[in-house]
Amino acid sequence: MGFWALNLDTFIMSLLLGAVFMLVFYSAAKIAVSGIPSGLQNFCEWAVEFIDTSVRGSFSSKNNMVAPLALTIFFWVFSMNLMDLLPIDYVPHLMTALGVPFFKVVPSTDPNATFGMAIGVFLLVLFYSVKMKGFGGFVGELTLQPFGKFGLPVNLLLEGVNLIAKPISLALRLFGNMYAGEMIFILIALMGSTWVGFTFGGVTLFGSQILLSLGWAIFHILIVTLQAFIFMTLTVVYMDMAHQEHH
Amino acid sequence: MNINATLLAQTIMFALFVWFCMKFVWTPIIAALEARKKQIADGLADAERAKQDLELASKRSAEILREAKEKASEIVANGDKRASEIIEDAKGQAKVEGDRIVAGAKAEIEQEVFRAKEQLRTQVSAIALAGAGRILGREIDAKAHNDLLDKLVAEI
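Chains A and B supply the protein sequences, listed in that same order. At the far end of the first sequence sits residue 390, using this note's numbering, and the numbering has no gaps. At the far end of the second sequence sits residue 209, using this note's numbering, and the numbering has no gaps.
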């Protein structure tokens, strides 16, 4: 499996989830009227307004692309993370029965998915940095501060790390959280798999699995939403930084 | 954790989703929201204007009512005045007419009295004549005593 391998599980799941999200919002947008909104339109308008408000809060320049970007990120990441809450073995076992021996249900536990998005954001940040400040301005920002032009190599090192850290931290934060969460689900699930019959230890482990996975799943509802929100907010903040002149 | 072509696929997918969202989701929904905002603002402005209109109208109606009342009371006062004038006029006319009637009646009465006196006088003279004739036992020559009789009549 060289570089040109394609993780079909990640690809299909994220495509499916993104398509569902787009379809839901598109069907709401198609019937969007200024009059009294129906249920679906209500939900989508609430989501759009929520995103719009938080984008307005942290993005001060004018760019019509940032808010839809944030909406896409939030709901895509949210739906990908949400797959975490599916019972851990169901889909892989189903896929095994269908002849696919390995299937990862949560795309955001694949670094390819998180890095893919982070790189998309990074390219946008680079593009808008150059567009707003000019190529010279962007290079100047990388090389002429914080120590002036005589500290150029140091400046480049510091600012370069600063720049590169943005997509890496975006991608790794989401990947790490989801991967660790999924790992703990797996560990919890191992408890029940040691079932040896109605012995004291077997029943205790079985009950513990139910209780722990319930607790962890409830906790994960928070993580899922929070990670999606953090990814979105950080993207908006990075875009805002790309639009602002350094002084 | 192995990085492979999925990375590129995910990036492209991401870009496509963002483009789709911008073009077909965000724009129409925001447009609908803006349109509704405008509608609501217009509605509120209309309501405000209507309220002002109402206030103006009620003020004007009160004004008109007040004017009408004033006019009505003026008309009533005028009517009262006119009525009392007419009554005064009628009173005056009635008095004059009454006076005239009374005066005519008085004159007539006087005339009647006078005529009755005249008649009485002639009758008295005839009675006196007849009485005298009877007293004298003979026919008095009316012609011979005409002067005397006339004098007597004049005296009565």
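We put the beta carbon where it would ideally sit given N, CA and C, even for glycine. Note that the coordinates shown come from a computational prediction; the quantities given were computed from them, not determined experimentally.
C-alpha distance - residue i paired with residue j, whole-angstrom precision
i	j	result
M238 of chain A	L149 of chain A	18 Å
M156 of chain A	A85 of chain B	31 Å
G184 of chain B	G145 of chain B	56 Å
A314 of chain A	M260 of chain A	8 Å
G303 of chain A	L285 of chain A	7 Å
I361 of chain A	N55 of chain B	30 Å
I184 of chain A	G280 of chain A	It is Gln, not Ile, that sits at residue 184 of chain A in the sequence shown. For Q184 of chain A and G280 of chain A, the distance between alpha carbons rounds to 43 Å.
W473 of chain A	V339 of chain A	Nothing in the structure corresponds to residue 473 of chain A, since chain A is present only between 144 and 390.
V248 of chain A	L228 of chain A	10 Å
E388 of chain A	A98 of chain B	41 Å
A103 of chain B	F70 of chain B	47 Å
S111 of chain B	A136 of chain B	37 Å
V78 of chain B	N207 of chain A	13 Å
H236 of chain A	L151 of chain A	17 Å
I194 of chain A	F218 of chain A	10 Å
F167 of chain B	G186 of chain B	28 Å
V282 of chain A	S204 of chain A	21 Å
T175 of chain B	A156 of chain B	28 Å
L159 of chain A	L330 of chain A	28 Å
V176 of chain A	C74 of chain B	18 Å
E138 of chain B	A147 of chain B	14 Å
I93 of chain B	E101 of chain B	12 Å
L109 of chain B	R89 of chain B	30 Å
E116 of chain B	E87 of chain B	43 Å
T368 of chain A	N298 of chain A	37 Å
E171 of chain B	D133 of chain B	55 Å
I128 of chain B	L118 of chain B	15 Å
A130 of chain B	G96 of chain B	50 Å
Buried versus exposed, by CB contacts within 10 Å (16 or more), residue i
i	result
K76 of chain B	exposed
P289 of chain A	exposed
H386 of chain A	buried
K274 of chain A	exposed
G151 of chain B	exposed
Y271 of chain A	buried
T215 of chain A	buried
G418 of chain A	Because chain A in this structure spans residues 144 to 390, residue 418 of chain A falls outside the shown range and cannot be described.
S356 of chain A	buried
I305 of chain A	Looking at the sequence itself, residue 305 of chain A is Asn, so the reference to Ile does not match. Exposed.
G263 of chain A	buried
F258 of chain A	buried
F67 of chain B	buried
Whole-angstrom C-beta distance between residue j and residue i, which should lie under 8 Å
i	j	result
M223 of chain A	A172 of chain A	At roughly 22 Å, the Cβ-Cβ gap does not stay under 8 Å, so M223 of chain A and A172 of chain A are not in contact.
V209 of chain A	V198 of chain A	6 Å
A58 of chain B	W147 of chain A	5 Å
L212 of chain A	T337 of chain A	Contact doesn't hold; Cβ gap of about 46 Å is too wide.
S201 of chain A	D383 of chain A	6 Å
I82 of chain B	C187 of chain A	6 Å
Residues near residue i by beta carbon distance below 8 Å, same chain, minus five either side
i	result
R113 of chain B	none
V181 of chain A	Looking at the sequence itself, residue 181 of chain A is Ser, so the reference to Val does not match. Result list for S181 of chain A: I174, in chain order.
V220 of chain A	S251, M260, L317, Q370, A371, F374, M375
E120 of chain B	none
Minimum Cβ-Cβ distance from residue i to chain E less than 8 Å
i	result
I262 of chain A	As a matter of chain content, chain E is missing from the structure shown, whose protein chains are A and B.
Cut-off 6 Å between Cβ atoms - residues of its own chain near residue i, not counting five sequence neighbours on either side
i	result
F328 of chain A	I231
L455 of chain A	Examination of residue 455 of chain A is not possible in this model, given that chain A is present from 144 through 390 alone.
Contacting residues, own chain, Cβ-Cβ under 7 Å from residue i (five flanking each side not counted)
i	result
G335 of chain A	L348, F349, Q352
K309 of chain A	F265, V268, Y381
T153 of chain A	K247, P250, D253, N255, A256
A160 of chain B	none
H390 of chain A	With a pLDDT of 47 at H390 of chain A, under the threshold of 50, the modelled position of that residue is not reliable, and the figure given next carries that caveat. Within the same chain, H390 of chain A has no close Cβ partners at all.
K276 of chain A	E284, E388
V234 of chain A	F246, V248
inquiry  = For the structure I just gave you, are there three or more beta carbon pairs, one from the segment 156-171 of chain A and one from the segment 329-343 of chain A, closer than 8 Å?
reply    = The answer is no - the segment 329-343 of chain A does not touch the segment 156-171 of chain A, with fewer than three Cβ pairs under 8 Å.
message = Count Cβ pairs between the segment 199-208 of chain B and the segment 169-188 of chain B that sit closer than 8 Å; are there 3 or more?
response = yes
inquiry  = Check whether the segment 232-248 of chain A and the segment 58-78 of chain B touch, using three or more Cβ-Cβ pairs below 8 Å as the test.
reply    = no
inquiry  = Taking contact to mean 3 or more Cβ pairs, one atom from each stretch, closer than 8 Å, check whether the segment 287-301 of chain A and the segment 320-329 of chain A are in contact.
reply    = no
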